[in-house]
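Protein sequences appear in the order of chains B and G.
The first sequence begins at 24 in this note's numbering and counts up by one.
The second sequence begins at 12 in this note's numbering and counts up by one.
Think of the CB as a built atom: it goes at the ideal place given N, C-alpha and C, for glycine as much as any other residue.
First comes the structure, then the notes that go with it.
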Amino acid sequence: MLNWIVIGIGDITARRVIPAIQSESRSRLYGVVTRDLSKAAAYKVQAWPSLDRALNDPAIDAVYVATPVFLHAPQTIQSLLAGKHVLCEKPMAMNEPEAAIMLNAAQESGKTFGVAYYRRMYPKVQRAKQLLESGAIGKPVIAELTCHSWFDGEAERSWLIDPAKAGGGPLYDIASHRIDVLNFWFGQPLRVGAQLSNVVHHYAVEDNATVMIEYAGGVRGIVDVRWHSRVARDECRIRGTDGEIELTPLNGP
Amino acid sequence: MIENFVDAVLGKAPPLSNGASAYWTDWVTEQAQKNKPA
């Protein structure tokens, strides 16, 4: 049985992460780390106000880091060095140098380190990879992923518009998942071009980003994400020389 | 995601999203972020 602790009890943790741990047969929610201990009461497990204190407990096997992005690197590294396996929310870090340090810490610790880019685990995304590898659409040449929604920085998720806590806007929050799907399909990215701007919301982070990625063999991926569209879109398709794979909506059957 | 991670800890399957794969996702994000207007 794997004893988990979760750092941070926010919307996603409460709706997805903790129920997933509780329903996994080899896992047990052992405790939570939260500054507001009243948030832990509903789970009837141990609660600590700081990670330092929690990591003193040798019964803990795994840590789920579900805090704002600026805390991912320090909390992940601290947990790995304490001998715990770590599953970290996405994006992995505030920037590439932080991500590299996290990766080194994982390698030195010998512990399992995962990042919650879970869309690559969707059966339809896995099936698309099989089809690409089998040549079902000929040579893939372009993949287009679009995620548009309206986000006005409300309430509990307001930290997402603070660049010191989130790193960036929709580029970090929603494009990162789609970039990860492209990397899953096409491998290591070679070149990146992008445009970021603020068209409607004049936050300190961008309210839209368009990213173009080039992969080996010349296949391109385009990711367009927007927080200023009242028309929700979640489009995904791959076009090849002999056909195309339509996966719209990405978040759906 | 949790199930795959536990499989990886127990040595039954590789983690589908590990630090090495996520590093390249964050690398793309970092490159894109450089295009943010000052």
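{"query": "Straight-line CA distance for residue 58(B) to residue 221(B)?", "result": "33 Å"}
{"query": "Roughly how far, in whole angstroms, is the beta-carbon of residue 134(B) from the beta-carbon of residue 106(B), given that I think they are within contact range, below 8 Å?", "result": "7 Å"}
{"query": "Taking only runs that begin and end inside the region 70-154 of chain B, name each unbroken beta strand (DSSP E) of 3 or more residues, in chain order.", "result": "85-88, 108-111 and 136-138"}
{"query": "What's the C-alpha gap between residue 25(G) and residue 128(B)?", "result": "18 Å"}
{"query": "Since residue 211(B) meets chain G, which of its residues come closer than 8 Å, beta carbon to beta carbon?", "result": "35"}
{"query": "Please report the straight-line C-alpha distance between residue 213(B) and residue 238(B), rounded to a whole angstrom.", "result": "5 Å"}
{"query": "Of all Cβ atoms in chain B, is any one closer than 8 Å to the Cβ of residue 47(G)?", "result": "yes"}
{"query": "Name the chain G residues that come within less than 8 Å of residue 203(B), Cβ to Cβ?", "result": "28, 32, 33 and 36"}
{"query": "Is there a Cβ of chain B sitting closer than 8 Å to that of residue 43(G), yes or no?", "result": "yes"}
{"query": "Could you tell me which residues DSSP pairs with residue 238(B) in its beta bridges?", "result": "212(B)"}
{"query": "Comparing alpha-carbon positions, which option in 21(G), 19(G), 23(G) and 29(G) lies nearest residue 143(B)?", "result": "29(G)"}
{"query": "Note down the Cα distance separating residue 235(B) from residue 33(B), rounded to an integer number of angstroms.", "result": "32 Å"}
{"query": "Please check the pair residue 126(B) and residue 31(G), which I expect to be a contact at CB under 8 Å, by giving their CB distance rounded to whole angstroms.", "result": "6 Å"}
{"query": "Against residue 271(B), what residues of chain G qualify as contacts under a CB-to-CB distance less than 7 Å, listed in chain order?", "result": "Result: empty, since nearest Cβ-Cβ is about 21 Å, beyond 7 Å."}
{"query": "Could you tell me whether the region 176-189 of chain B touches the region 137-157 of chain B, using the rule of 3 or more Cβ pairs below 8 Å?", "result": "no"}
{"query": "Strictly under 8 Å for the Cβ-Cβ distance: is residue 24(G) near chain B by that measure?", "result": "no"}
{"query": "Can residue 34(G) and residue 115(B) be called in contact, C-beta distance under 8 Å?", "result": "yes"}
{"query": "How about residue 225(B): is its C-beta nearer than 8 Å to some C-beta of chain C?", "result": "This model lacks chain C altogether, as its protein chains are B and G."}
{"query": "Can you find a C-beta in chain G that's less than 8 Å from the C-beta of residue 238(B)?", "result": "no"}
{"query": "Helix, strand or coil: how does DSSP classify residue 257(B) here?", "result": "strand"}
{"query": "Enumerate in chain order the residues of its own chain whose CB-to-CB distance from residue 60(B) is below 7 Å, with the five nearest sequence positions on each side excluded.", "result": "70 and 72"}
{"query": "Leaving out the 5 sequence neighbours to the left and right, which residues in its chain are closer than 8 Å to residue 161(B) when beta-carbon positions are compared?", "result": "263, 264, 265 and 266"}
{"query": "Could one say the Cβ of residue 18(B) lies closer than 8 Å to chain G's Cβ atoms, at least one of them?", "result": "Any question about residue 18(B) goes unanswered here, given that chain B covers just 24 to 276."}
{"query": "The beta strand (DSSP E) that contains residue 53(B), what's its start and end?", "result": "50-56"}
{"query": "Tell me the residue span of the beta strand (DSSP E) that contains residue 244(B).", "result": "243-249"}
{"query": "Given a cut-off of 8 Å on the beta-carbon distance, is the pair residue 247(B) and residue 273(B) in contact?", "result": "no"}
{"query": "How should residue 292(B) be labelled, buried or exposed, when 16 other C-beta atoms within 10 angstroms of its C-beta is the threshold for buried?", "result": "This structure does not reach residue 292(B), given that chain B is present from 24 up to 276, and the question cannot be answered."}
{"query": "Can you name the residues that DSSP bridges to residue 262(B)?", "result": "165(B) and 267(B)"}
{"query": "Establish whether the CB of residue 222(B) and some CB of chain G are separated by less than 8 Å.", "result": "no"}
{"query": "With 16 other CB atoms within 10 Å as the buried threshold, where does residue 75(B) fall?", "result": "exposed"}
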